[in-house]
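Here's the structure, in structure tokens; my notes come after.
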Amino acid sequence: MQKKDIDWSKLGFGYTPTDYRFEAHWKDGKWDEGKMITDSNIELSEAACVFHYAQCCFEGLKAYTTVNGDIVTFRPDLNAERMMGSAERLEMPAFPKEKFIQAVKDVVAANAAWVPPYGTGATLYIRPVMIGSGPQIGVAPAHEFIFRIFVMPVGAYFKGAIKPLKLTVPEFDRAAPRGTGHIKAGLNYAMSLHPTMEAHRHGYAENIYLDPATRTYIEETGGANLIFVDKEGTIIVPKSDSILPSVTRRSLIDVAKRLGYKVVERPVKLNELKDMAEGALCGTAAVLAPIGMVNTPDGDIYFPSGMEKMGPICTKLRETLTGIQMGEIEGPEGWVVKIDAE
Ligand SMILES: *Cc1c(COP(=O)(O)O)cnc(C)c1O
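The letter at position 128 of the sequence shown is residue 112 when you use my numbering, and the numbering goes up by one with no holes.
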């Protein structure tokens, strides 16, 4: 297979239409078989439910080329399960887990020429998305849905990926108590667009949202979970019902335990940040991105790990996780799923 003529190491995190996408339709109470198509556009009724009532959920995962040239993906079963949960909360029909995993494999295989080669730092980002496509003007779930998976080659999410980020604590909330913060709904991102732009306008890369009920506990950023390392070297992971269950975070916790670190998952107060030695954002897009400082209402907090590089424990975790994804380190059974591509 001839790879596309792309300068892989110069890629940013953005959309590029590739050759094939998978699409399935829900109509008359059931999913059709779905098929691979080439058209990157979707034609919809002006009354499609997604346009008015935001009936939409999505996923994000990646495919990698390993050190020995295989194309693999990482824990797609967890994305499949999470999307089923998102769909249920939004009154959308779940897309079956085994079909989801097969469709991911098929789309990646069909676009094998777009999977960045090993060692370029780039990966293939996979975006499953489901929308209420049927016309709906009375407020109710749609009667028709589209499930689509498309892919694109991407580079680092944050420019200068390993350079520590500056974050701020916004006056806005991302999710309501008992709301939809724990599912991957497009509407959560609509809520965070304004605070994100405000953060950028003030020179910060992202926001740390607080728990909306009491505004004392740390939740996550707009699109990534948070982990911290305290001064004893214990990994501290914020816990809350309105945090999105990140596959990266769950995998890092496992990796950390295997490496012999102590991991504590518990509610973390904003005023504990000053006691931390390291902090990082974690998610598929960013993998693990270091936090250098946090602007809070009580002043700026600089982590001892500094503004030049990622702290030592986060570095170890990042290297181990990416090593597993790139086939350099043996991971737990079932994490790395090989894709047969010619
Ligand atoms: C997708 C997402 C994450 C990261 O989850 P991963 O499964 O690790 O990619 C974190 N927070 C939010 C709000 C998200 O939507």
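All C-beta atoms, glycine included, are put in the ideal place defined by N, C-alpha and C.
Just to confirm before moving on: does the CB-CB distance between residue i and residue j stay below 8 Å?
i, j, result
"Asp90", "Met136", "no"
"Ala32", "Gly116", "yes"
"Gly170", "Ala38", "yes"
"Val231", "Ala261", "no"
"Ala64", "Lys81", "yes"
"Pro112", "Glu43", "yes"
"Thr164", "Asn191", "no"
"Ile227", "Ser70", "no"
"Gly311", "Asn25", "no"
"Leu149", "Ser235", "no"
"Lys322", "Asp3", "no"
"Ile130", "Ala87", "no"
"Arg73", "Pro229", "no"
"Pro161", "Ala197", "yes"
"Gly307", "Met291", "no"
"Gly263", "Leu210", "yes"
"Pro316", "Asp238", "yes"
"Met181", "Ala96", "no"
"Pro77", "Trp15", "yes"
Hey, quick one: how far does the beta strand (DSSP E) through residue i stretch, first residue to last?
i, result
"Leu151", "149 to 152"
"Tyr109", "107 to 116"
"Phe84", "First-last for Phe84: 81 to 94, but that is the alpha helix (DSSP H), not the beta strand (DSSP E)."
"Leu265", "260 to 267"
"Phe42", "40 to 42"
Check residue i in the structure and name its three-state DSSP category.
i, result
"Phe129", "strand"
"Asp23", "coil"
"Thr57", "strand"
"Met291", "coil"
"His9", "strand"
"Thr280", "strand"
"Gly317", "Strictly speaking, residue 317 in this sequence is Glu, with Gly absent from that position. In the structure shown, Glu317 sits in coil (DSSP, three-state: anything other than H, G, I, E or B)."
"Leu194", "strand"
"Tyr173", "helix"
"Asn52", "coil"
"Leu301", "helix"
"Pro251", "coil"
"Val213", "strand"
"Pro1", "coil"
"Leu236", "helix"
"Pro137", "strand"
"Val123", "coil"
"Pro274", "strand"
"Leu243", "coil"
"Ala208", "coil"
"Lys14", "strand"
"Ile323", "strand"
"Ala97", "helix"
"Ile(-10)", "coil"
"Ala64", "helix"
"Ala47", "strand"
"Ile308", "helix"
Output needed for residue i: all residues of its chain with C-beta closer than 6 Å, excluding positions within five of it in sequence on either side, in chain order.
i, result
"Val34", "Cys40, Ile115, Gly116"
"Ser176", "Arg158, Gly206"
"Ile146", "Met294"
"Lys246", "Thr218"
"Gln120", "Cys33, Ala126"
"Thr335", "Nothing can be reported for residue 335, as the shown portion of the chain is limited to -15 through 326."
"Glu204", "Leu210, Ile227"
"Lys83", "none"
Compare the C-beta of residue i with all C-beta atoms of chain D and state if any pair is closer than 8 Å.
i, result
"Val247", "This model lacks chain D altogether, as it is built from one protein chain only."
Between which residues of its own chain and residue i is the CB-CB distance below 7 Å, once the five residues before and five after are set aside?
i, result
"Asp259", "Asp214, Lys215"
"Asp324", "Ala93"
"Thr268", "Gly44, Leu45, Lys46, Val231, Thr232"
Whole-angstrom Cβ separation of residue i and residue j, contact assumed at under 8 Å?
i, j, result
"Arg302", "Val271", "6 Å"
"Gly105", "Ala140", "7 Å"
"Lys11", "Glu128", "5 Å"
"Pro100", "Thr49", "7 Å"
"Leu257", "Val278", "6 Å"
"Val248", "Val56", "At roughly 31 Å, the Cβ-Cβ gap does not stay under 8 Å, so Val248 and Val56 are not in contact."
Ends of the alpha helix (DSSP H) at residue i?
i, result
"Phe35", "33 to 37"
"Ile220", "That residue, Ile220, is in no alpha helix (DSSP H); its beta strand (DSSP E) goes 219 to 222."
Please work out which residues of its chain come closer than 8 Å, Cβ to Cβ, to residue i, disregarding the five sequence neighbours upstream and downstream, and give them in chain order.
i, result
"Lys201", "For clarity, residue 201 is Tyr in the given sequence; the question names Lys instead. For Tyr201, where only same-chain residues beyond five positions count, the Cβ hits under 8 Å are Leu194, Asp195, Pro222, Ser224, Pro251, Val252, Lys253, Leu254."
"Asp282", "Asn255"
"Gly318", "Arg59, Asp61"
"Ala183", "Leu151, Thr152, Pro154, Ala189, Glu190, Asn191"
"Asp284", "Met277, Val278"
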